[in-house]
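Have a look at the structure below, then the notes.
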Amino acid sequence: MIKSLKALSKRVESIPHDPMLDFMDQVGKVDNLIDLGFGDPDFAVAKNTKEAFIKSINEDHSHYADGQGTFQLRKAAMDYYDQKYDCKIEDPNEILVTGGAAEAINLALLSIVDKNDGIMIIEPEYSQYSTSVALAGGQKIPVDTISNNFKLTPALVEKNYQTALDKGIKPVAIILNFPNNPTGKSYSLDELKELASIFEKLNLWVLSDEIYAEQSYRQKHHSLYPLIPDQTILITGLSKSHSMTGYRIGFAIAKGEVALAMRKIQDTFLTCLPTPIQDAAAFAVKYDPDAGKRTRKEYFKRIKLVVDKLNQLGFSAEMPDGAFYVWAKVPKRFIGKSFEFCIDLAQKARVQIFPGAIFSSTASDYVRISCAQSEKILSRALVSIENYLKQGS
Ligand SMILES: Cc1ncc(COP(=O)(O)O)c(C=O)c1O
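In our numbering, the protein residues as written are 320 to 712.
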């Protein structure tokens, strides 16, 4: 008998095709590929954090935890973000423990987006944003920052807001990410205040993704959260600050009704995050708050190595304000063709870097190089890139 199952949901169909998968498909299988694509820090988790994890397991912390996150972790996270970035979190209940920042983004969007609501996404973007907006049923409103050297301004917000309205799309939220993946741009307190004013004026929810706050090189990181606390959902976590990507600890921080809404959805998804991992995370933020400071110095050295060399090789790259990526314009002969360049580079030089097109349709002159690997690996990759370019490929 031929079964006639219902087709998959419209929701799934609406999820955009991931250009990263397209890229990886086209690269195919390459032996001994040096991967400077992904942003997974190579640093080990601190020894005492790992011990806290093991201790928790041995003490049989094997039961459900509070769905909001253990109080111990939420209190430690509140103190950590207040001390580090003056977030002015007033109550541990503002913090929801999530499965990485990735889940926090989904919970935030699912809590505020109704079908066809417009969500402004700053391009170039971290590609999960488009996927999550589609999953929540919203419509993406791209805000291209290339004309302003990849920085968002109040004028750009207003212009794109109006364009969306003219097309019949009502913008309800904006996703801001700083220090930015992929461009490395960040914002001073004064710049943030100006952005906060326009977000307030336009009544926009703001998902402020500050996951790279600890990787700020030029200036101290300032958070948007204390500037407009009633309309900001702060997205953060320990993946980058404590190099704990595989532990999957993130935070969605918000006040009032939206905090309760995210909790409600979290309950249906997960019930709670694993208890021993939360214990390890609580230890990490409370007793190792400077983990990010240790790795920051290392990232800075790596980034400088890559930026200097790329500029010698005919790329055009600036030192980023933050995060751990180098965003570079390709040498003249690859202008407009960074996708093809990156595929060829991976196949012939065995170095994977990501083409700008993964992050924005207007960024085909750019590439992103992740400095999540050691200086030794980066140096080897740079030699391979140099040889590839010399061979005139
Ligand atoms: C800008 C940005 N936000 C969120 C995430 C997701 O972080 P997590 O691993 O905590 O889910 C990443 C991961 O690379 C990222 O670059």
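Note that CB positions come from ideal geometry on N, CA and C, so glycine has one too. Computed from a prediction, not measured in an experiment: that's the story for all the values here.
Assigned secondary structure, residue i (DSSP; H/G/I helix, E/B strand, else coil)
| i | result |
| --- | --- |
| aspartate 509 | helix |
| leucine 546 | coil |
| glutamine 538 | coil |
| phenylalanine 357 | coil |
| asparagine 412 | helix |
| isoleucine 373 | helix |
| threonine 551 | strand |
| proline 461 | strand |
| valine 364 | coil |
| serine 466 | helix |
| glycine 386 | coil |
| alanine 423 | helix |
| phenylalanine 752 | Here the chain comprises residues numbered 320 to 712, so residue 752 is not present and cannot be evaluated. |
| alanine 636 | strand |
| alanine 668 | helix |
| alanine 326 | coil |
Enclosing beta strand (DSSP E) for residue i [first to last residue]
| i | result |
| --- | --- |
| serine 560 | Taken as a continuous stretch (DSSP letters only), serine 560 belongs to no beta strand (DSSP E), being part of the alpha helix (DSSP H) at 557-560. |
| aspartate 528 | 524-528 |
| arginine 687 | 685-689 |
| lysine 648 | 644-648 |
| isoleucine 677 | No beta strand (DSSP E) holds isoleucine 677; DSSP gives it neither H nor E. |
| glutamate 442 | 437-442 |
Span of the alpha helix (DSSP H) around residue i
| i | result |
| --- | --- |
| glycine 347 | Element bounds for glycine 347: n/a, residue is neither H nor E. |
| arginine 615 | 610-631 |
| glycine 575 | 575-588 |
| methionine 563 | Taken as a continuous stretch (DSSP letters only), methionine 563 belongs to no alpha helix (DSSP H), as it is neither H nor E. |
| serine 714 | A question about residue 714 goes unanswered here, because the residues of the chain that appear run from 320 up to 712. |
| leucine 521 | Neither: leucine 521 is in no alpha helix (DSSP H) and is coded neither H nor E. |
| glutamate 533 | Here glutamate 533 belongs to no alpha helix (DSSP H), and DSSP marks it neither H nor E. |
| leucine 454 | 447-454 |
| glutamate 332 | 329-333 |
| lysine 605 | 594-606 |
Nearest-angstrom Cβ-Cβ length linking residue i and residue j, presumed shorter than 8 Å
| i | j | result |
| --- | --- | --- |
| serine 505 | serine 535 | 6 Å |
| glutamine 692 | aspartate 361 | 5 Å |
| alanine 676 | serine 657 | 7 Å |
| leucine 714 | alanine 427 | Since the first and last residues shown for the chain are 320 and 712, residue 714 lies out of range. |
| serine 451 | asparagine 425 | 5 Å |
| isoleucine 530 | serine 507 | The pair is not a contact, with the Cβ atoms about 19 Å apart (cut-off 8 Å). |
| isoleucine 353 | alanine 700 | 5 Å |
| leucine 415 | arginine 582 | 6 Å |
| leucine 495 | leucine 475 | With 8 Å as the limit, leucine 495 and leucine 475 do not qualify as a contact, their Cβ atoms being about 12 Å apart. |
| cysteine 661 | phenylalanine 342 | 7 Å |
| isoleucine 441 | isoleucine 460 | Isoleucine 441 to isoleucine 460, Cβ: 10 Å. No contact. |
| leucine 543 | leucine 521 | In fact, because the Cβ distance is near 15 Å, the residues do not count as touching under 8 Å. |
| isoleucine 554 | tryptophan 524 | Contact flag wrong, Cβ pair sits at about 12 Å. |
| arginine 669 | serine 698 | With a Cβ gap of about 15 Å, arginine 669 and serine 698 do not count as contacting. |
Go through the region 470-516 residue by residue and report every complete run of the beta strand (DSSP E) that reaches 3 residues or more, in order. Here the runs fully enclosed are 490-496.
Indicate whether the contact test is met: 3 or more Cβ pairs, each with one atom in the region 614-621 and one in the region 378-391, closer than 8 Å. No, they do not touch.
Would you call the region 657-672 in contact with the region 627-636, where contact means no fewer than 3 C-beta pairs closer than 8 Å? Cβ pair count under 8 Å is below three, so no.
For the region 426-435 against the region 460-468, do three or more pairs of beta-carbon atoms, one drawn from each stretch, fall closer than 8 Å, so that the two count as touching? Result no; under three Cβ-Cβ pairs closer than 8 Å.
Assess, as a yes-or-no matter, whether the region 439-449 is touched by the region 576-594 under the definition of 3 or more beta carbon pairs within less than 8 Å. By the criterion of at least three beta-carbon pairs nearer than 8 Å, the region 576-594 is not in contact with the region 439-449.
Sufficient close CB pairs (3 or more, under 8 Å) joining the region 536-552 to the region 673-687: No, the region 536-552 does not touch the region 673-687.
Check whether the region 553-567 and the region 355-370 touch, using three or more Cβ-Cβ pairs below 8 Å as the test. Per the Cβ contact rule, the region 553-567 is in contact with the region 355-370 (3 or more Cβ pairs under 8 Å).
Counting beta carbon pairs with one atom in the region 634-652 and one in the region 327-343, are three or more of them shorter than 8 Å? The region 327-343 is not in contact with the region 634-652.
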